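Here the protein sequences come in this chain order: A and B.
Using my numbering, you'd call the opening residue of the first sequence number 132 and step up by one each time.
Using my numbering, you'd call the opening residue of the second sequence number 925 and step up by one each time.
Beta carbons: idealized from backbone N, C-alpha and C, even for Gly.
Note that the coordinates shown come from a computational prediction; the quantities given were computed from them, not determined experimentally.
Inspection log for the structure reproduced underneath, given as structure tokens.
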Amino acid sequence: DVKVTQSSRYLVKRTGEKVFLECVQDMDHENMFWYRQDPGLGLRLIYFSYDVKMKEKGDIPEGYSVSREKKERFSLILESASTNQTSMYLCASSFTTTEKLFFGSGTQLSVL
Amino acid sequence: SQQGEEDPQALSIQEGENATMNCSYKTSINNLQWYRQNSGRGLVHLILIRSNEREKHSGRLRVTLDTSKKSSSLLITASRAADTASYFCATDASGSARQLTFGSGTQLTVLP
């Protein structure tokens, strides 16, 4: 069974903290994605990566950075967390960038 | 930017009834996909329909696509309480920067 694993289901951080969200996939997918999901706004793409060390900005990259040092792992970094980054964060992977994404279970991040 | 918009935002039906959700989008697409999300979990891919297809079936799911109206519908037949979830359409816009754009979803509640 294919699997995308996000390191934490729930995370509580303080304003100004550096936050790392980790995502690992076991399907040898080239492409990995980070979305945030907020009520009424659907999913919004933060960053995606189509190869190791390669990344592209999505619709809302401000305040975030990413790292992909190995094919199976894609990290989302909040350099200095702010309260407006409180959200559900979803990682996904796929063989192609626009077909059949496999999602992790999500990380509900609260920034206090 | 949001490409797909689902309608209705919320739908409540009795077990055994059919559920129909609609998705409208703005620009030409290569494909349209439907995903399901159980409360507090990640999304699961249900079905993909390409721009040259008009209808597709998968088990109790039937998806139609009308590219002239830029709309799609997802029909779930003989619904079950376990179908209770949010349903999202996602579009791959022609000539886009290789990313899917998700709508804000339809919350389906199936009452036993």
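Within 10 angstroms of its Cβ, does residue i collect 16 or more other Cβ (buried), or is it exposed?
i	result
aspartate 159 of chain A	exposed
leucine 243 of chain A	exposed
serine 925 of chain B	Note that serine 925 of chain B has pLDDT 45, beneath the 50 cutoff, so the model's placement of it is unreliable and the number below is only indicative. Exposed.
tyrosine 959 of chain B	buried
threonine 214 of chain A	exposed
leucine 152 of chain A	buried
serine 936 of chain B	exposed
phenylalanine 1012 of chain B	buried
alanine 1006 of chain B	exposed
leucine 174 of chain A	buried
leucine 970 of chain B	buried
asparagine 976 of chain B	exposed
asparagine 162 of chain A	buried
valine 183 of chain A	exposed
glycine 1027 of chain B	buried
From the DSSP output, read off the bridge partner residues of residue i.
i	result
aspartate 1016 of chain B	B/Asn955
leucine 243 of chain A	Looking at the DSSP assignment, leucine 243 of chain A forms no beta bridge with any residue, so it has no partner.
serine 988 of chain B	Reading the sequence as shown, one finds threonine at residue 988 of chain B and not serine. Threonine 988 of chain B pairs with B/Glu979, B/Ser997.
isoleucine 208 of chain A	A/Phe151, A/Ser196
leucine 142 of chain A	A/Leu240
tyrosine 178 of chain A	A/Trp165, A/Lys188
histidine 160 of chain A	Histidine 160 of chain A pairs with nothing; no bridge assigned.
threonine 944 of chain B	B/Leu999
arginine 960 of chain B	B/Val968, B/Tyr1011
glutamate 137 of chain A	As written in the sequence, residue 137 of chain A is glutamine, which differs from the glutamate given in the question. In the DSSP output, where bridge partners are listed per residue, glutamine 137 of chain A has A/Cys154.
threonine 1030 of chain B	B/Tyr1011
serine 213 of chain A	Answer is none; serine 213 of chain A lacks a bridge partner.
lysine 201 of chain A	A/Arg204
Are residue i and residue j touching if we call contact CB-CB under 8 Å?
i	j	result
phenylalanine 233 of chain A	valine 135 of chain A	yes
glutamate 139 of chain A	threonine 238 of chain A	This sequence places serine at residue 139 of chain A; glutamate is not what is there. Contact flag set, yes.
asparagine 955 of chain B	leucine 967 of chain B	no
methionine 945 of chain B	threonine 1030 of chain B	yes
tryptophan 165 of chain A	leucine 207 of chain A	yes
glycine 928 of chain B	threonine 1015 of chain B	yes
glutamine 168 of chain A	leucine 221 of chain A	yes
leucine 985 of chain B	leucine 998 of chain B	yes
serine 1010 of chain B	glutamine 961 of chain B	yes
alanine 212 of chain A	glycine 147 of chain A	yes
glutamate 941 of chain B	serine 1003 of chain B	yes
At the 8 Å Cβ level, is residue i part of the contact set with chain D, yes or no?
i	result
serine 1028 of chain B	Going by chain labels, chain D is absent from the structure shown, which instead holds the protein chains A and B.
According to a CB-to-CB cut-off of less than 9 Å, which residues of the segment 949 to 980 of chain B neighbour chain A?
So the close ones are Asn954, Asn955, Gln957, Tyr959, Gln961, Gly964, Arg965, Gly966, Leu967, Val968, His969, Leu972.
Going along the segment 990 to 1008 of chain B in order, which residues come within less than 9 Å of chain A, judged by CB to CB distance?
Cβ contacts with chain A: none found.
Residues in the segment 185 to 216 of chain A with C-beta within 8 Å of chain B's C-beta atoms, listed in sequence order?
From the segment 185 to 216 of chain A, only Glu187, Gly189, Asp190 have a Cβ closer than 8 Å to chain B.
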